[in-house]
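Chains C and B are the protein sequences, given in the same order.
Take the position in the first sequence, starting the count at 1, then add 8; the result is the number in this note's numbering.
Take the position in the second sequence, starting the count at 1, then add 190; the result is the number in this note's numbering.
Structure, as structure tokens:
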Amino acid sequence: MSTAAPAAPGPASELTPEQRTTYQRPQGQAARDRREARRRRIPLLPALIFTIAATQLPFLATIVISFMDYRALRPDQIGFTGLDNYVQVFTNPTIRNSVITTILLTATVVLVSLVLGTAIALLLDRKFLGRGAVRTMMIAPFLVVPVAAALLWKHGILNSGYGLVNGVLTWVWSLFGSDSPPQPVWLSDHPLLSIEMSLVWQWTPFMMLILLAGLQSKPGDVVEAARMDGAGSWQIFRYITFPHLRRYLELGGLLGSIYIVQAFDSVFIMTAGALGTANLPYTVYATFFQQQDYGLASAQGVVVVIGTIIIATFALRTVSSLFDEETGR
Amino acid sequence: MSTHTNSAVAATSFKGPARKKRRTPEQGGHPAWGIAAWAVGLLFVAPVLFMLLTSFHSETDASTNPPSVFAPLTLDGYRAFFGAGGGTTPWPPLINSLTASVLSTLLVLVLAVPAAYALSIKPVSKWTDVLFFFLSTKFLPIVAGLLPLFLFAKNTGLLDNINLLVLLYTSMNLPIAVWMMRSFLAEVPVEMMEAAQLDGAGLVTMLRSVVAPVALPGIAATSLICFIFSWNELLLARTLTGTVAGTAPVFLTSFATSQGLFLAQVCAAAVVISLPVLVAGFAAQDKLVQGLSLGAVK
Numbered sequence: 009m010s011t012a013a014p015a016a017p018g019p020a021s022e023l024t025p026e027q028r029t030t031y032q033r034p035q036g037q038a039a040r041d042r043r044e045a046r047r048r049r050i051p052l053l054p055a056l057i058f059t060i061a062a063t064q065l066p067f068l069a070t071i072v073i074s075f076m077d078y079r080a081l082r083p084d085q086i087g088f089t090g091l092d093n094y095v096q097v098f099t100n101p102t103i104r105n106s107v108i109t110t111i112l113l114t115a116t117v118v119l120v121s122l123v124l125g126t127a128i129a130l131l132l133d134r135k136f137l138g139r140g141a142v143r144t145m146m147i148a149p150f151l152v153v154p155v156a157a158a159l160l161w162k163h164g165i166l167n168s169g170y171g172l173v174n175g176v177l178t179w180v181w182s183l184f185g186s187d188s189p190p191q192p193v194w195l196s197d198h199p200l201l202s203i204e205m206s207l208v209w210q211w212t213p214f215m216m217l218i219l220l221a222g223l224q225s226k227p228g229d230v231v232e233a234a235r236m237d238g239a240g241s242w243q244i245f246r247y248i249t250f251p252h253l254r255r256y257l258e259l260g261g262l263l264g265s266i267y268i269v270q271a272f273d274s275v276f277i278m279t280a281g282a283l284g285t286a287n288l289p290y291t292v293y294a295t296f297f298q299q300q301d302y303g304l305a306s307a308q309g310v311v312v313v314i315g316t317i318i319i320a321t322f323a324l325r326t327v328s329s330l331f332d333e334e335t336g337r
Numbered sequence: 191m192s193t194h195t196n197s198a199v200a201a202t203s204f205k206g207p208a209r210k211k212r213r214t215p216e217q218g219g220h221p222a223w224g225i226a227a228w229a230v231g232l233l234f235v236a237p238v239l240f241m242l243l244t245s246f247h248s249e250t251d252a253s254t255n256p257p258s259v260f261a262p263l264t265l266d267g268y269r270a271f272f273g274a275g276g277g278t279t280p281w282p283p284l285i286n287s288l289t290a291s292v293l294s295t296l297l298v299l300v301l302a303v304p305a306a307y308a309l310s311i312k313p314v315s316k317w318t319d320v321l322f323f324f325l326s327t328k329f330l331p332i333v334a335g336l337l338p339l340f341l342f343a344k345n346t347g348l349l350d351n352i353n354l355l356v357l358l359y360t361s362m363n364l365p366i367a368v369w370m371m372r373s374f375l376a377e378v379p380v381e382m383m384e385a386a387q388l389d390g391a392g393l394v395t396m397l398r399s400v401v402a403p404v405a406l407p408g409i410a411a412t413s414l415i416c417f418i419f420s421w422n423e424l425l426l427a428r429t430l431t432g433t434v435a436g437t438a439p440v441f442l443t444s445f446a447t448s449q450g451l452f453l454a455q456v457c458a459a460a461v462v463i464s465l466p467v468l469v470a471g472f473a474a475q476d477k478l479v480q481g482l483s484l485g486a487v488k
């Protein structure tokens, strides 16, 4: 392609850029701009149209169905009923409980995994022997298929008879000569805690990765300057590291919330929604699949979306602030 | 003067590439920090190692308290999982999962790469708005569209059809892919492209020589992330497929209720089904954060 470089000097190439623009303007610059804009849009359109069709249309249908009496078992009664389904969503104690469960589950898992993730990211930001190996080990929980992870926790880790946790308790107690170790029946005594533990185990690596990326983008010279000025480790963390990490903490917390609000696999596998562990996604699924009350399930779905939009608004703001920093605007 | 500088450069590079890092990492400090990091790492990986070890134990050794760590190894758990003894075979679900994940990933790339091009290299006007529209669809919970999708599938005969999952996984992953690909393509040197254009290089030449070197690693990382998300998906598959098009996670749900001694078999199942994700995840390790944070964090 370099052979074409000193190509025959045409009339345009002898002009400066400014002259060229003024030279071209009389010949319908506006029309050319429009054509150029259209040409630029072409590669975008397939993805855009596909996304709108596949995500917005079903949601619009959900909104319509949420105002209907639509039960698969009573096809003769299908029709619009106004706000009936929404009244049910907000008055039915089962559904109210699942809202509370969702909030509890999401908040606990996000906060605990965020705190653990930050602590581990701070550990991994230091130099030590085998840092890469520890990082790889930390990522592993996130790379177990969620259904498989839920099965592993249900049958392998928390089983009261032969699970890993109770096994380790037996072993530790026997080291001290005791043959009556505590053997909690995790899934029936602490059902929500069991689900939370398995989710914290899976999501801490996610938080850790985001925070580690944040720590590693921290300007080293500022820290060095502060250390020269006699700042202690705590002061450096409090006044330099933490403010820098804040937006990464926000991002991790918000993205984590959006994913964990939707947690279905672990509830479905570990307790099948029993013992007060049914969160909204599970309840929507059960209303839809078991009760086959499509109108009510849709109203629940709409409520989940409204909740998510509230979190998502903040998430979008955080993403866009990181985004502006990246593109320098 | 110049020899002086050169020797200084030589002296620096002699100390190894670590010197070149822009940022000096936190000091190592007390070895206790390293030990703590190892302890935490081992704690987190322990369930995975336990799963792996138990999958190679006999059912009797798998159900002891405390665990029989040094019990003899056997492939019985894997044999049981793959249907020896009259159980259902996991091959159709595994093939379904592979089909859905690979085809949807390919479809995602076909749609996302041109879109990312139109959002970075030759940006359309208001390209940031478009980008954030893609992101906002990712925040729409799957349960919100589940029912209409089910009714649509039922009325068009697409229920229990793997092609429907391919399309839905494509829409699920497309926003992530557009964001990831955009952040990769944003690193394409536009000046070089313009120079190549002035030199009379055609679009194909330019794509191959300037865009591809930056885009290909990005395409690889994006594919791996999309593959992982499709392979993991349960809710849509559970709702929209049945005996014919059921995927591996749907097959795994049959292990939810225990039937006597079967922990080794469960662990073998979990290992087999997680293996593709573990391989893809470790391969994409460096780009994992970028994908999970929708390209917001590098």
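Cβ coordinates follow ideal geometry from the N, Cα and C atoms, glycine included.
- Contact between the stretch 466-483 of chain B and the stretch 410-425 of chain B is present, with at least three C-beta pairs closer than 8 Å.
- Rounded to the nearest whole angstrom, the C-alpha separation of B/Lys344 and C/Arg79 is 15 Å.
- Straight through space, the alpha carbons of C/Ala45 and C/Gly36 are spaced by roughly 14 Å.
- C/Leu52 has its alpha-carbon roughly 19 Å from the corresponding atom of B/Leu406.
- Under the three-state reduction of DSSP, C/Arg79 is assigned to strand.
- Against chain C, the beta carbon of B/Gly471 has neighbours under 8 Å at Ile147, Phe150, Leu151, listed in chain order.
- Between C/Phe250 and chain B, the shortest Cβ-Cβ separation is not below 8 Å.
- Interface flag for B/Ala405 against chain C is unset, since no Cβ pair is found closer than 8 Å.
- With respect to the 8 Å criterion, B/Ala386 and B/Val400 are classified as neighbours on the basis of their beta carbons.
- Identification of residues in the stretch 369-401 of chain B having a C-beta nearer than 7 Å to some C-beta of chain C yields Ala386, Asp389, Gly390, Ala391, Thr395, given in sequence order.
- For the C-beta of B/Leu330, the chain C residues within less than 8 Å are, from N- to C-terminus, Thr63, Phe67, Val313, Thr316.
- Between B/Thr443 and C/Ile277 a beta carbon distance of about 7 Å is seen, short of the 8 Å cut, so the two are scored as contacting.
- Within chain B, Leu424, Pro439, Leu442, Thr443 have C-beta atoms less than 7 Å from the C-beta of C/Val155, given in sequence order.
- By the CB criterion at 8 Å, C/Gly284 and C/Leu200 fall inside the cutoff.
- Judged by beta-carbon spacing, B/Pro280 lies beyond the 8 Å limit of B/Phe452, meaning their Cβ atoms are not closer than that value.
- By the rule that beta-carbons nearer than 8 Å mark a contact, C/Trp179 touches chain B.
- Between the alpha carbons of B/Ala438 and B/Ile285 lies a distance of about 8 Å.
- Think of a sphere of 7 Å around the beta carbon of B/Gly231: the chain C residues whose beta carbon falls inside it are Val142, Met145, Met146, in chain order.
- For C/Arg43, there are no neighbours in chain B by C-beta distance under 9 Å, as the nearest C-beta there is about 13 Å away.
- The Cβ of B/Lys316 sits no closer than 8 Å to any Cβ of chain C.
- For B/Pro282, the enclosing alpha helix (DSSP H) starts and ends at 281-310.
- When the Cα atoms are used, B/Phe374 and B/Ala410 turn out to be separated by approximately 11 Å.
- For C/Phe58, a Cβ of chain B is located within less than 8 Å of the residue's own Cβ.
- Contact annotation, B/Thr289 with B/Cys416: C-beta distance approximately 14 Å; criterion of less than 8 Å not satisfied.
- CA-CA distance, C/Val310 to C/Leu262, rounds to 20 Å.
- Under the Cβ distance rule, B/Phe419 does not count among the residues neighbouring chain C, no pair being separated by less than 8 Å.
- The alpha-carbon of C/Ser328 is positioned some 34 Å away from that of B/Ser464.
- Checking the DSSP bridge columns, you'll see C/Arg42 has no partner listed.
- According to the DSSP assignment, C/Tyr247 belongs to no alpha helix (DSSP H), since it is labelled neither H nor E.
- If you draw a 10 Å sphere on the C-beta of C/Gln270, you find 16 or more other C-beta atoms in it, and that means buried.
- Comparing alpha carbon positions, the residue from C/Leu304, C/Ile111, C/Leu130 closest to C/Thr249 is C/Leu130.
- In the three-state reduction of the DSSP assignment, C/Phe67 falls in the helix class.
- Under the three-state reduction of DSSP, C/Gly87 is assigned to strand.
- Cβ neighbours of B/His247 within its own chain (closer than 6 Å, five residues either side excluded): Ala261, Ala454.
- At least one CB of chain C lies nearer than 8 Å to the CB of B/Ile463.
- When CB distances to chain B are screened at a threshold of 8 Å, the residues of the stretch 69-81 of chain C falling below it are Ala69, Thr70, Ile73, in chain order.
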